[in-house]
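Trainee:
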Amino acid sequence: MEDKISSQRVSVGWVLLFIAWFVVTSATLVSLFFSEVMDVPVCVLCWYQRVAMYPLTLILAIGLFPYDPKVVRYAGSLVVVGWVIAMFHVLLVAGIIPESAHPCVQGVPCSQTFFSLLGFLTIPLMSLLTFTVIGFLLFFAQRMEPS
0 MEDKISSQRV
10 SVGWVLLFIA
20 WFVVTSATLV
30 SLFFSEVMDV
40 PVCVLCWYQR
50 VAMYPLTLIL
60 AIGLFPYDPK
70 VVRYAGSLVV
80 VGWVIAMFHV
90 LLVAGIIPES
100 AHPCVQGVPC
110 SQTFFSLLGF
120 LTIPLMSLLT
130 FTVIGFLLFF
140 AQRMEPS
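Here's what the structure looks like:
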């Protein structure tokens, strides 16, 4: 009887990975909603963040069924790249990065905010928070697995 119960338990690592998948899928859908439905222009740095974010939806889903804790290695690299780009973008919007280092010379300016929630939550900040949450979830998912 006890073997049956323990085999039906869901791993804590799997639950954390599922939450990370849910967060990244929600972020992907929200970013598509902003650009395609609300017609919010997408700058170069936002595209780079999307390049890091969108594949995570598929990678984490593949790691969930069947559960493979090693998926954290592959997803983690995209999370780090996306986090660095998002941090650069947040610093750019805040005016901390000098004008000479702005990567968006033509097209949509990366330092301009087209959408702000609650007066301070910009799209680059939402991206940074999303990558941070996903990073923590993946870190703890890996830590929960027995060595």
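Residues 0 to 146 in numbering that gives the first Met the number 0 are what the sequence shown spells out, letter by letter.
The C-beta atom is built at its ideal place from N, Cα and C for all residues, glycine as well.
1. Between which two residues does the alpha helix (DSSP H) carrying V39 extend?
2. Do you know offhand how far S25's Cα is from S99's?
3. Pull up the distance between the alpha-carbon of T131 and that of L124, whole angstroms please.
4. Between which two residues does the alpha helix (DSSP H) carrying V23 extend?
5. Quick one, which of T112, M143, S30 and L136 has its alpha-carbon nearest W48's?
6. Find out if the Cβ-Cβ distance for the pair S126, A74 is shorter than 8 angstroms.
7. If you compare alpha carbons, which of V43, I95, Y66 and L117 is closest to G81?
8. Which of the three DSSP states, helix, strand or coil, is assigned to V92?
9. Can you tell me whether M155 is helix, strand or coil according to DSSP?
Mentor: Checking against the coordinates, here is how it stands:
1. Where V39 is concerned, there is no enclosing alpha helix (DSSP H), given that its DSSP letter is neither H nor E.
2. 34 angstroms
3. 10 angstroms
4. V11 to L31
5. It should be pointed out that residue 48 corresponds to Gln in this sequence rather than to Trp. It is S30 whose Cα lies nearest to the Cα of Q48.
6. no
7. V43
8. helix
9. Summary: the structure shown does not reach residue 155, with the chain confined to residues 0 through 146, and so no result is reported for it.
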